[in-house]
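Which chain is which? The protein sequence lines are A, B, C and D, in order. Heads up: the first sequence at position 19 corresponds to 19 in my numbering, and the numbers run straight through without jumps. Residues are numbered in my numbering as their position in the second sequence, beginning at 1, plus a constant of 543. Residues are numbered in my numbering as their position in the third sequence, beginning at 1, plus a constant of 749. Residues are numbered in my numbering as their position in the fourth sequence, beginning at 1, plus a constant of 1054. For each residue, glycine too, the CB sits at the ideal point set by N, CA and C. Have a look at the structure below, then the notes.
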Amino acid sequence: MSNTETGTHVSYLQHKGKYKGILSWLLTTDHKKIGLLYLYCIIVFFFVAAILGVLMRIELIAPGETIMGPQTYNGMFTIHGIIMIFIIVIPALPAVFGNFFLPILIGAKDVAFPKLNLFSFYLFLIGAIFGVLSQFIGGGAPDTGWTFYVPYSAESSTNVIYALIAAFILGFSSILTGLNFIVTIHRMRAPGMGWFRMPLFPWSLYATAWIQVLATPIIGITLLMVIAERVLKIGFFDPALGGDPVLFQHLFWIYSHPAVYIMILPGMGIVTEIFPTFSQKPVFGYTAILLSSLAIAFVGYFVWGHHMFTAGISYGSRWFFSFLTFIVAVPSAIKVFNWVSTMYGGSIDLKPPLLYAISFIFLFMIGGFTGLTLGALAANVQVHDTAFVVAHFHYIIFGGMGFAFFAGMHYWYPKMFGRMYSNKLANIAWGILFTGFNVLYFPLFIIGLQGMPRRYFDYLPQFQTGHVISTVGAFILFTGLILMVYNFVYHIKRGAIAPANPWKGVTLEWQIPSPPSHENFDEIPVITTDPYIFGTSTENKQK
Amino acid sequence: MNMSIQENHNDHIDSETGKLGMWIFLFTELFLFGGLFLVYAVFRAKYSEDFHSAARELNAFIGTMNTVFLLVSSMTVAMAITAIQKNQKKLAMFLVSVTLLLAALFMMNKFFEWSHKFEFKLYPGSEVLKNLPRGELLFFGLYFMMTGLHALHVLIGMILLSINFIKIKAGKVNQAHYLLLENSGLYWHLVDLIWIFLFPLLYLIT
Amino acid sequence: MFTGASNLADGVDRTFVFIFSVAFIFIIGITAFMIYTVIHFSRKKGNEAKQFTGSVKLEIIWTVIPLILVMMMFYYGWVGFAPMRKVPADAMKITAIGRMWQWEFDYGNGMKSTELVLPVNKPVRVALKSEDVNHSLFIPAFRVKEDVIPGYDNYLWFVPTFIGEYEILCTEYCGLLHSSMLSKARILNQADYDNWFNDFKTKVSQPEPDGYLLLRNNGCIACHSLDGSKLVGPSLKGLFGNERIVTSGNSQITVKADEKYILNSIYDPDSQVVSGFSKGLMKSYKELLKESDIKSIAAYLKTLN
Amino acid sequence: MKKEETHISSYTSHAIVLIVLLFLTAISVLVTGWHFGPFSVAVALIIASIKVRTVITHFMHMKFESLFMKLMVTGVFVLFALVIIITFIDYYLR
Ligand code: HEA
Ligand code: HEA
Ligand code: CUA
Ligand SMILES: [Cu+2]
Chain A
1 MSNTETGTHV SYLQHKGKYK GILSWLLTTD HKKIGLLYLY CIIVFFFVAA ILGVLMRIEL
61 IAPGETIMGP QTYNGMFTIH GIIMIFIIVI PALPAVFGNF FLPILIGAKD VAFPKLNLFS
121 FYLFLIGAIF GVLSQFIGGG APDTGWTFYV PYSAESSTNV IYALIAAFIL GFSSILTGLN
181 FIVTIHRMRA PGMGWFRMPL FPWSLYATAW IQVLATPIIG ITLLMVIAER VLKIGFFDPA
241 LGGDPVLFQH LFWIYSHPAV YIMILPGMGI VTEIFPTFSQ KPVFGYTAIL LSSLAIAFVG
301 YFVWGHHMFT AGISYGSRWF FSFLTFIVAV PSAIKVFNWV STMYGGSIDL KPPLLYAISF
361 IFLFMIGGFT GLTLGALAAN VQVHDTAFVV AHFHYIIFGG MGFAFFAGMH YWYPKMFGRM
421 YSNKLANIAW GILFTGFNVL YFPLFIIGLQ GMPRRYFDYL PQFQTGHVIS TVGAFILFTG
481 LILMVYNFVY HIKRGAIAPA NPWKGVTLEW QIPSPPSHEN FDEIPVITTD PYIFGTSTEN
541 KQK
Chain B
544 MNMSIQENHN DHIDSETGKL GMWIFLFTEL FLFGGLFLVY AVFRAKYSED FHSAARELNA
604 FIGTMNTVFL LVSSMTVAMA ITAIQKNQKK LAMFLVSVTL LLAALFMMNK FFEWSHKFEF
664 KLYPGSEVLK NLPRGELLFF GLYFMMTGLH ALHVLIGMIL LSINFIKIKA GKVNQAHYLL
724 LENSGLYWHL VDLIWIFLFP LLYLIT
Chain C
750 MFTGASNLAD GVDRTFVFIF SVAFIFIIGI TAFMIYTVIH FSRKKGNEAK QFTGSVKLEI
810 IWTVIPLILV MMMFYYGWVG FAPMRKVPAD AMKITAIGRM WQWEFDYGNG MKSTELVLPV
870 NKPVRVALKS EDVNHSLFIP AFRVKEDVIP GYDNYLWFVP TFIGEYEILC TEYCGLLHSS
930 MLSKARILNQ ADYDNWFNDF KTKVSQPEPD GYLLLRNNGC IACHSLDGSK LVGPSLKGLF
990 GNERIVTSGN SQITVKADEK YILNSIYDPD SQVVSGFSKG LMKSYKELLK ESDIKSIAAY
1050 LKTLN
Chain D
1055 MKKEETHISS YTSHAIVLIV LLFLTAISVL VTGWHFGPFS VAVALIIASI KVRTVITHFM
1115 HMKFESLFMK LMVTGVFVLF ALVIIITFID YYLR
């Protein structure tokens, strides 16, 4: 049906609304445009934070001071962490791909509260600006690490307050996005789309949204308490004011552990869309994948203590948290097995999105198993707060969520912009990126095991080899990323016109023109089958 | 594909959708206070003696009065919704203004209570407070943070209710469309709910 | 990997070995399976996709097997960890004090050492105290680590099993010089230890000079050594009365390190920066040290030449 | 998305609810006079929970909402309780 329409339809990019020019973007309530606004902001911030990462790597190429002093270094990993976590990975997948594709995938014209959606974008922007400002005003870049551990964060003379406010506002933006998605999924599914006919990306967003709504307020209030502590001298956590520093860690991780699943679940959702399309085969174990998302979201709420194993928490809670940490790994395992089985017996087309999705599994496995290492009590004692942790979370965040993001970009780029990128360039960029990634982070596992602590500006000479290899990897990675971004930017105007359905996908976004029109669907589709039906039955999807 | 329809359609969210959104928002509010309750619980367990003696400093009578104000006001908003549903515009306006009045009384009480504390130099960071036993210090910290944040919510609720009053008067909130009033009502009840927990925890456990 | 030097190392290493073995098998296996699938079922070969959608039997298998494996991992971790919280009653008692960027080990009776010196094969319980922010005592070779949190009584214990010198690190971020908060654990045989201990005792029984106490209690020795070695700041040994090359403003000048210079270096460190070191590291101690204090410091520095 | 039928609660029912709530408040104020020792917190919290439940079901019209909504609200409270309990595994066993 889409082919007949490509001639006449007006894409959302050309759509004439109430406002003209730049305002048509800044005041839009179109979920697709808001998604793109997020995308552009996130790329800019990613660039800033990534440069900080590379600078840190250069500093670490040799022991002692190389290009910056300790104060600068400490500020750098703090801002690197804050930007990466609060401004990039937590919002990235829900706010970019969730906004753009959630309504389309469930056959809706928009999210439930379009204005709220725009509002949460502005909250995001304000929060992000606060975050960046904290670098430049007065007391110097905050130097507490992204975890803001009290008492240091209550004492540091740097701009910790700005960073706290930034995280607070960003948290609210994230809550509102989550709220919007839950209501959208409940109320706006196309007729005929029962809960179990919903594609799995929306399902993963649904699980994510609940975490966003129910966990984020805790960090909100915690950060407020730290602010009150600094400004009004009300004691909560700082022992100098009578407070309890371990309680801060509890509250911080009650949010921040579930937050790591906010980061990864939508990423898992994206690759779950990609495997069936490029294998031309229904997803294997639809129900299992769906239930495992919900299980991760639920159990993930109760394992926060594994970040505090050495903080002197009680023996009973140490093994309790360790036990639950291992339980929460099982749903992840289920997903991995279902993904590889989805490919098995298919007709596999190794295009860039699939390449990224497969490397997602590879890197996620490494990140996940090292997570298990961290979750084991005895092993955690050795590797807690070492470079091993740094490698674990870069593998799982950057290698997992980051690669899922790249996979999503390659998968949906034609739909979002109506153009094709160069496959060849994408493959080359992938090769460099993947190599660089492993060269960058793998050595950190080894020096971490040997006892190289994290957040170290300086280090003992025996760790140098690992650091040098790692720094070289950063540059390889850098090259790959630049190439990938170049591929996207160059082809956004010059690429070949994308067909409506370049990958022969069957979910709803492929049934409408590329790029979609302002309201996505001329007529709301009526769903009569399960989401992943390939082959002859494709036509049945549409009424 | 008619644009004007699209734009309007944004303004009129159907009531089930709006209410679901509001409930989810209330959950986040609940967890926002939940963090404070958690801190309270931990400190109480650690310093229960100090908490006992510190709670005695609070005036249970003012607390009880405020509880009554909030409970009654909760009823009046609930009634205002009934009135709107029955299309009794005048009555609805009256009930909303009673609610506002009760809220104002609550805030007044709060104001006197706080200024009384300040007179005795019991404010965050003061010397008197610093010399109290550790648990009492924490108790007062929590007291100011919890009631302060709660008072902020009362204020927001008052603003919402005032908007409702104006809209009812203008006929924008009416028998057919009263989602705004319903949601503001829900919000107001939440403010009440939180107070229902705060009251015994701060004032009664002596 | 690398050898552990305490009784706790085995339990930890066994956990690593088990988890890494499982990980290795799964990662290699699943990756190989993916590569095989991609090649064997390639669309280029004209493969038709088979339209199956799942299998309850398989789901159960790959829920149960990982569940068993992770429970085993949990078990290894727990068993390796449990002894770490069970201190034998006869353990020697030492208190480790963490303060911004320096470790100190209190042997009781005012005997405070900046190194942890211990006899081999004797259990030792280290109580952990912080004077300011969070720190974490980490001795990689012994596989021990616990956070040092103000207001809390945390502890760790171990039995050092080999003679030698081992690194002590701080692994909880504690501000500017977190990465310099290092020390050494020296494990001696019983006789050497006794000698060291007696020496130490006699040294301690002589009262410390005022200047030294000031340097120690204000954390100066975190950055300035007293034995000539270079830390974050220049060593204070051989400083007094000698020529210093300093950058003042934009020019390099040579000054004599007299009492005035020392006072200025402490009150306004950035005005004259010793060549080879950077500005901004040392903060002013104007509020913390009186001029009389600095007199005693200078007097003590004289004795170091 | 059919129009759900609206339930209109009567004024009297609201008034009755209020009386119940005031009554419970009175009880909890009075109860503080008698010393239950460690149980006084528990008693106060139980009464507060009953009050909260009453407000939610009646004033907030939860009794007219769908089963899903009821489950959701219960679930949120249960989740919060679990978080507190799990935190206390640390504090009580220390
Ligand atoms: C996207 C983010 C993300 C995700 C998904 C995870 C997932 C996991 N994480 Fe990670 N973690 C972080 C981000 C993330 N983490 C961050 C940012 C930190 C550091 C915070 C800081 O201090 O700054 C951290 C720190 C961290 C710690 C604390 C380390 C310390 O400071 O001491 C621990 C400890 O238990 C841990 C464990 C785990 C576990 C068990 C999982 C599991 O969910 C992983 C499950 C996955 C698998 C198990 C692999 C796939 C499965 C198979 C291949 C099948 C076969 C499987 C079996 C046989 C079991 N993580
Ligand atoms: C999403 C999460 C994320 C990502 C992607 C990264 C990416 C990188 N990180 Fe970081 N990192 C964190 C999250 C992340 N990090 C967190 C949470 C911490 C903990 C902070 C703390 O301790 O508090 C941390 C800490 C951390 C440390 C440890 C500091 C310490 O403990 O001492 C180091 C050190 O090597 C590091 C390095 C890097 C490097 C080299 C990259 C590189 O991979 C970056 C690669 C990117 C580029 C090289 C740029 C590519 C260029 C483009 C894409 C061009 C775009 C251009 C246009 C649009 C014009 N990071
Ligand atoms: Cu002390 Cu880090
Ligand atoms: Cu975690």
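Any chain A beta carbon closer than 8 Å to residue i
| i | result |
| --- | --- |
| I711 (chain B) | no |
| S928 (chain C) | yes |
| N967 (chain C) | no |
| P743 (chain B) | no |
| V1085 (chain D) | no |
| R587 (chain B) | no |
| L1050 (chain C) | no |
| T571 (chain B) | yes |
| R1107 (chain D) | no |
Burial state of residue i (16 or more Cβ within 10 Å)
| i | result |
| --- | --- |
| P1056 (chain C) | This structure cannot speak to residue 1056 (chain C), because chain C is shown only from 750 to 1054. |
| F708 (chain B) | buried |
| L1125 (chain D) | exposed |
Within-8 Å CB hit, residue i to chain D
| i | result |
| --- | --- |
| L294 (chain A) | no |
| I447 (chain A) | no |
| T6 (chain A) | Note that T6 (chain A) scores 43 on pLDDT, short of 50, meaning its location in the model is unreliable; the coordinates nonetheless yield the value given after this. T6 (chain A) does not count as touching chain D. |
| Q631 (chain B) | no |
| N551 (chain B) | Residue placement at N551 (chain B) is poorly supported in this model, since its pLDDT is 36, which falls under 50; the coordinates still yield a value, given next. N551 (chain B) does not count as touching chain D. |
| H250 (chain A) | yes |
Any C-beta of chain C under 8 Å from that of residue i
| i | result |
| --- | --- |
| T158 (chain A) | no |
| M343 (chain A) | yes |
| Q542 (chain A) | Reliability fails at Q542 (chain A), whose pLDDT of 39 lies under 50, so the model's placement of it is uncertain and no value is given. |
| E229 (chain A) | no |
Neighbour flag for residue i against chain B, beta carbons, 8 Å
| i | result |
| --- | --- |
| K1124 (chain D) | no |
| A1102 (chain D) | yes |
Endpoints, alpha helix (DSSP H) assigned at residue i
| i | result |
| --- | --- |
| C41 (chain A) | 31 to 59 |
| S11 (chain A) | Neither: S11 (chain A) is in no alpha helix (DSSP H) and is coded neither H nor E. |
| Q71 (chain A) | 70 to 82 |
Endpoints, the beta strand (DSSP E) within which residue i is located
| i | result |
| --- | --- |
| Q851 (chain C) | 851 to 855 |
| K933 (chain C) | 932 to 937 |
| R874 (chain C) | 873 to 879 |
| F302 (chain A) | Careful: F302 (chain A) lies outside any beta strand (DSSP E) and carries neither H nor E. |
| R993 (chain C) | 992 to 997 |
| W906 (chain C) | 903 to 907 |
Specify whether the region 373 to 389 of chain A and the region 473 to 484 of chain A touch according to this definition: at least 3 beta carbon pairs, one from each stretch, less than 8 Å apart.
no
List in chain order: all unbroken beta strand (DSSP E) runs of 3+ residues lying wholly within the region 775 to 848 of chain C.
841 to 848
Can you give, in chain order, each stretch of the alpha helix (DSSP H) that sits fully within the region 584 to 670 of chain B and has at least 4 residues?
591 to 599, 603 to 628, 632 to 662
Closer than 8 Å is the cut-off here; do at least three beta carbon pairs connect the region 435 to 443 of chain A with the region 297 to 313 of chain A?
no
Quick check for students: name the residue ranges of the beta strand (DSSP E) that lie wholly in the region 1056 to 1140 of chain D, counting only runs of 3 or more.
none
Check whether the region 722 to 729 of chain B touches the region 864 to 881 of chain C, counting contact only when three or more Cβ pairs, one atom from each stretch, lie closer than 8 Å.
no
Would you say the region 857 to 877 of chain C touches the region 940 to 950 of chain C, given that touching needs at least three Cβ pairs under 8 Å?
yes
Check whether the region 281 to 299 of chain A touches the region 312 to 331 of chain A, taking contact to mean three or more Cβ pairs, one atom from each stretch, closer than 8 Å.
yes
List, from N- to C-terminal side, the alpha helix (DSSP H) runs of 4 residues or more that fit wholly inside the region 109 to 177 of chain A.
114 to 133, 152 to 155
Evaluate the contact criterion for the region 164 to 179 of chain A versus the region 264 to 273 of chain A: three or more CB pairs, one atom per stretch, below 8 Å.
no
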